[in-house]
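Following: one structure in structure tokens, then a few remarks.
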Amino acid sequence: MSAHRSPVGRRTLAALAGAALTTGALLPTSTAHAAEPINGGLVLAGGALADTDSAVYGSFLNLAGGASHARIGVITAASDVPADDPNADDPATCSNSVCNGNYYVHLLKNTYHAADAQWIPIDLDHISNNSSRTVVDQINSLNGFFFGGGDQSRLVQTLLKSDNSDSPALAAIRARFTAGAAIMGTSAGTTIANGRDMVTGGESWDSLRYGSHTSTSGGHPDDLSYRPQGGFNFFTSGLLDTHFATRGREGRITRLAADTGHNRAFGIDEDTALVVTNPGSANETDKIVGTHGVSILDLRTDTVGTHSGYWSIDNVKWSYLTDGDTYNPATWTATSTKPTFAPTGGTVGSRWSDVFSSPNSRADHPYRLVDMATELVNAGRSTHQYGISYESGPTFEADLTKGTGYRAWKSGSAVSFADLTTHLHVR
Numbered sequence: 001m002s003a004h005r006s007p008v009g010r011r012t013l014a015a016l017a018g019a020a021l022t023t024g025a026l027l028p029t030s031t032a033h034a035a036e037p038i039n040g041g042l043v044l045a046g047g048a049l050a051d052t053d054s055a056v057y058g059s060f061l062n063l064a065g066g067a068s069h070a071r072i073g074v075i076t077a078a079s080d081v082p083a084d085d086p087n088a089d090d091p092a093t094c095s096n097s098v099c100n101g102n103y104y105v106h107l108l109k110n111t112y113h114a115a116d117a118q119w120i121p122i123d124l125d126h127i128s129n130n131s132s133r134t135v136v137d138q139i140n141s142l143n144g145f146f147f148g149g150g151d152q153s154r155l156v157q158t159l160l161k162s163d164n165s166d167s168p169a170l171a172a173i174r175a176r177f178t179a180g181a182a183i184m185g186t187s188a189g190t191t192i193a194n195g196r197d198m199v200t201g202g203e204s205w206d207s208l209r210y211g212s213h214t215s216t217s218g219g220h221p222d223d224l225s226y227r228p229q230g231g232f233n234f235f236t237s238g239l240l241d242t243h244f245a246t247r248g249r250e251g252r253i254t255r256l257a258a259d260t261g262h263n264r265a266f267g268i269d270e271d272t273a274l275v276v277t278n279p280g281s282a283n284e285t286d287k288i289v290g291t292h293g294v295s296i297l298d299l300r301t302d303t304v305g306t307h308s309g310y311w312s313i314d315n316v317k318w319s320y321l322t323d324g325d326t327y328n329p330a331t332w333t334a335t336s337t338k339p340t341f342a343p344t345g346g347t348v349g350s351r352w353s354d355v356f357s358s359p360n361s362r363a364d365h366p367y368r369l370v371d372m373a374t375e376l377v378n379a380g381r382s383t384h385q386y387g388i389s390y391e392s393g394p395t396f397e398a399d400l401t402k403g404t405g406y407r408a409w410k411s412g413s414a415v416s417f418a419d420l421t422t423h424l425h426v427r
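Take the numbering used here: the final residue in the sequence shown is number 427, and no numbers are missing along the way.
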């Protein structure tokens, strides 16, 4: 086993701290992440967000004061630059910082009727704009900021300084957020909202097998990697991961949380968002909006050990909340307006396979572990179900149990549950 694949141990890192600048500074250069109360809100989307998802986009514009008052800055620095996009000259197929910026500006103004939307001209070709007085003045005129998808490392490179302090542009965004501006992200634009230990890559099986690493290796592209310094620290209630159940990322975020000493993690599904009001305060409320759901993993009572000579974790409590449900981070409590669901009949079927929706499988198995959990929720006479990974050598198993604290809700086809006990180990 190479040195790269030696997993880090559980530990606690100091959180990034400091005071935010006020909006009056001409060229803010804050090295800190806001210590004063945040008056803005967050809309954290899991990626693959449909243009027609008015519930998610509407939540963002409402937090920005309503569409008629929303002045939105669009940040697409997570995208490739035009020179690296082979389709840069084709408006129908291009995907780069400039054309993506134009796309979101058009969507927000013409579909969702924002009062204004402007591209903020910062990308890998224009990093120096992060200290431009013109750009900072532009930011200070806005009350909402949309971070597009791509690669979160580009956002680190373009908006943070080499010492991990804020560029003037990011300091201005942070000051506007503190003062009441709304922030929305999708995919990488959501991941960058993390505090310390931001995930940067990896697949679930490799994460469980080899642990977490602070650097990447070309020879092991599926290893779990993360950035200890984190992202922009907009969201502080737990680790964040995106495209979550679609890509079976339950194993990777569980391993990262355990390795880095986090007690809680949020996994946001595609075309779904976590809408956060009063972020970072005792009054924070997280609401789920959209098509699928948000997973919340509670590791306060977990036990990390080994099973058959490989890493294992027991007693992780998994909640999966769907549209309209809410979560209170201060009390660790999930709430739903859906009717309580406690069926008395039905049993689970046979063992599931490919529970982590492996990219190596020839079959497409999105939402595999959620589907397995839903089967268990619907089976009133069963208290346990399990499934195995697609990969072998070793084969990892996911066990789910209706234990202490478990409860569920259902309305139509929408199923939510709280505190399913989860055990990941080698079978």
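No residue lacks a Cβ here, since even glycine has one placed at the ideal position from N, Cα and C. Note that the structure is a prediction, hence the values are computed from the model and not measured.
field: Whole runs of the beta strand (DSSP E) within the region 367 to 426, excluding any shorter than 3 residues
entry: Along the length of the region 367 to 426, whole beta strand (DSSP E) runs at least 3 residues long occupy 384 to 388, 396 to 401, 407 to 411, 414 to 426, reported in chain order.
Under 7 Å between C-beta atoms of T347 and S382
Mapped onto the sequence shown, residue 347 falls at position 347. Mapped onto the sequence shown, residue 382 falls at position 382. In this structure, S382 lies closer than 7 Å to T347 by Cβ.
- Determine contact between the region 208 to 216 and the region 293 to 308, defined as no fewer than three beta-carbon pairs at a distance below 8 Å. Taking one beta carbon from each stretch, the region 208 to 216 and the region 293 to 308 have fewer than 3 pairs nearer than 8 Å; the two do not touch.
- Count the other CB atoms, across all protein chains shown, that sit within 10 Å of the CB of D80; report buried if there are 16 or more and exposed otherwise. Here residue 80 is taken as the residue at index 80 of the sequence shown, counted from 1. Counting the other CB atoms within 10 Å of its CB gives D80 a total of 16 or more, which places it among the buried residues.
Decide if Y226 is buried, meaning its Cβ has at least 16 other Cβ atoms within 10 Å, or exposed. As a first step, residue 226 must be located in the sequence shown, where it is residue number 226. Label assigned to Y226: buried.
- What separation, rounded to the nearest whole angstrom, lies between the Cα atoms of V415 and A64? For the purposes of this step, residue 415 is identified with residue 415 of the sequence shown, where counting begins at 1. For the purposes of this step, residue 64 is identified with residue 64 of the sequence shown, where counting begins at 1. A direct Cα-to-Cα measurement between V415 and A64 gives close to 30 Å.
Worksheet item: At what residue ranges does the region 92 to 150 contain a whole run of the beta strand (DSSP E), taking only runs of 3 or more?
Response: If you keep only unbroken beta strand (DSSP E) runs of at least 3 residues inside the region 92 to 150, you get 116 to 119, 144 to 147.
| Thinking C-alpha only, which one of Y406, W332, K287 is nearest A55? | Here the question's residue 55 lines up with position 55 in the sequence shown. It is K287 whose Cα lies nearest to the Cα of A55.
**Message:** Quick check: what's the CA-CA separation for T285 versus P121?
**Reply:** In the sequence shown, counting from the first residue as 1, residue 285 sits at position 285. In the sequence shown, counting from the first residue as 1, residue 121 sits at position 121. Their Cα atoms are separated by approximately 33 Å.
(Q) Can you tell me whether T306 is buried or exposed? The criterion is at least 16 other CB atoms within 10 Å of its CB, across all chains shown. (A) In the sequence shown, the residue the question calls residue 306 occupies position 306. Taking a 10 Å sphere around the C-beta of T306, we find fewer than 16 other C-beta atoms and assign the residue as exposed.
ask   = Which of the three DSSP states, helix, strand or coil, is assigned to S312?
value = Your numbering for residue 312 matches position 312 in the sequence shown. Note: S312 maps to strand in three-state DSSP.
*So who's on the other strand from S319, going by DSSP bridges?*
Within the sequence shown, residue 319 is the residue found at index 319, counting from 1. DSSP lists I296 as partners of S319.
* Asked: Looking at the structure shown, is L170 part of a helix, part of a strand, or coil, going by DSSP?
  -> As a working note, residue 170 is residue 170 in the sequence shown. Of the three classes helix, strand and coil, the one that applies to L170 here is helix, per DSSP.
*Quick one: grab the DSSP three-state call for T242.*
Here residue 242 is taken as the residue at index 242 of the sequence shown, counted from 1. The answer is coil: DSSP assigns T242 none of H, G, I, E or B.
- Task: List the whole-angstrom C-beta distance separating L49 from G251, where the pair is believed to meet the contact cut-off of C-beta under 8 Å.
- Result: For this step, residue 49 is matched to residue 49 along the sequence shown. For this step, residue 251 is matched to residue 251 along the sequence shown. The beta-carbon separation of L49 and G251, rounded to 24 Å, does not stay under the 8 Å limit for a contact.
- [ ] Quick one: using the 10 Å Cβ neighbour count with 16 as the cut-off for buried, is E375 buried or exposed?
- [x] Along the sequence shown, read from residue 1 onward, the residue named residue 375 stands at position 375. Under a 10 Å Cβ-count criterion, E375 is classified as buried, with 16 or more other Cβ atoms of the shown protein chains found around its own Cβ.
Classify V304 as helix, strand or coil using the three-state DSSP reduction.
-> Walking along the sequence shown from the start, residue 304 turns up at place 304. In the three-state DSSP reduction, V304 falls in the strand class (E or B).
message: Suppose the cutoff is 6 Å on Cβ atoms and the five residues either side in sequence are ignored; what does the same chain contact list for I429 look like?
response: Residue 429 is absent from the structure shown; the chain starts at 1 and stops at 427.
Cβ-based burial, R176 [other Cβ within 10 Å; buried from 16]:
Numbered from 1 along the sequence shown, position 176 holds the residue referred to as residue 176. Burial call: buried.
#### Entry: From K161, N140, I388, H126, residue whose alpha carbon lies closest to that of E397
As a first step, residue 397 must be located in the sequence shown, where it is residue number 397. It is I388.
Fill in: Given 8 Å, three or more beta-carbon pairs between the region 360 to 368 and the region 395 to 414
No, the region 360 to 368 does not touch the region 395 to 414.
So, at 6 Å on beta carbons, what are the nonlocal neighbours of L274 in its own chain, with the 5 sequence-adjacent residues on each side left out?
The count along the sequence shown starts at 1 and reaches residue 274 at position 274. Here the set comprises L44, I268, D286, V294.
Taking the C-alpha atoms as reference points, what is the distance between F417 and A408? One-based indexing of the sequence shown puts residue 417 at position 417. One-based indexing of the sequence shown puts residue 408 at position 408. One Cα belongs to F417, the other to A408, and the distance between them is close to 4 Å.
- Quick one: grab the DSSP three-state call for W352. For this step, residue 352 is matched to residue 352 along the sequence shown. DSSP places W352 in strand when its eight states are reduced to three.
Between which two residues does the alpha helix (DSSP H) containing G189 stretch?
Stepping through the sequence shown from its first residue, residue 189 is reached at position 189. First-last of the alpha helix (DSSP H) with G189: 188 to 191.
| query | At which residue ranges does the region 224 to 282 contain complete beta strand (DSSP E) runs of 3 or more residues, listed in the order of the chain? | reply | Runs of the beta strand (DSSP E) inside the region 224 to 282: 224 to 227, 239 to 241, 264 to 268, 272 to 277.
**OP:** State the CB to CB distance for the pair S59 and V199, rounded to an integer number of angstroms; the pair is presumed to be in contact (CB under 8 Å).
**Re:** Reading the sequence shown from its first residue, position 59 is the one you call residue 59. Reading the sequence shown from its first residue, position 199 is the one you call residue 199. Actually they do not touch by this definition, with Cβ atoms about 24 Å apart.
- Query: Does the region 161 to 172 come within contact of the region 124 to 139, defined as at least 3 CB pairs closer than 8 Å?
  - Reply: Contact check between the region 161 to 172 and the region 124 to 139: three or more CB pairs, one atom from each, fall below 8 Å, which counts as touching.
In angstroms with no decimal places, state the Cα-to-Cα distance between A15 and L240. Against the sequence shown, residue 15 aligns to sequence position 15. Against the sequence shown, residue 240 aligns to sequence position 240. Here A15 scores only 31 on pLDDT, less than 50, and its place in the model should not be relied on; the value that follows carries that caveat. Rounded to whole angstroms, the gap between the alpha carbons of A15 and L240 is 15 Å.
Q: Keeping to the same chain, check which residues put their C-beta closer than 8 Å to that of Y112; ignore five residues upstream and five downstream.
A: For the purposes of this step, residue 112 is taken as the residue at position 112 of the sequence shown. Counting only Cβ-Cβ distances below 8 Å, and skipping sequence neighbours, we find S54, Y57, G58, L61, A67.
**Asked** Around the Cβ of G393, are there at least 16 other Cβ atoms within 10 angstroms (buried) or fewer (exposed)?
**Response** Taking the sequence shown and counting its residues from 1, the one referred to as residue 393 is at position 393. Classification for G393: exposed.
So, with DSSP's three-state summary, where would you put E365? Locating residue 365 in the sequence shown gives position 365, counting from the first residue. Note that residue 365 is His in the sequence shown, not Glu. Of the three classes helix, strand and coil, the one that applies to H365 here is coil, per DSSP.
**Q.** Same chain only: Cβ atoms within 7 Å of R247, ignoring 5 sequence neighbours per side
**A.** Residue numbering aside, residue 247 sits at position 247 when the sequence shown is read from its first letter. Non-local C-beta neighbours of R247 in its own chain, meaning closer than 7 Å and more than five positions away in sequence, comprise S357, ordered along the chain.
_Can you give me the C-alpha to C-alpha distance between T322 and A265, rounded to a whole angstrom?_
Taking the first residue of the sequence shown as position 1, residue 322 is located at position 322. Taking the first residue of the sequence shown as position 1, residue 265 is located at position 265. If you take the alpha carbons of T322 and A265, they lie about 16 Å apart.
Consult DSSP for T53 and reduce its assignment to one of helix, strand or coil. Sequence index remark: in the sequence shown, residue 53 carries index 53 (1-based). Sequence inspection shows Asp at residue 53; the Thr mentioned does not correspond to that position. Coil at D53, not helix or strand.
Mind reading off the beta-carbon distance from I75 to G148? Whole number of angstroms is fine, and I expect it under 8 Å. By one-based count along the sequence shown, residue 75 stands at place 75. By one-based count along the sequence shown, residue 148 stands at place 148. Confirmed, about 7 Å.
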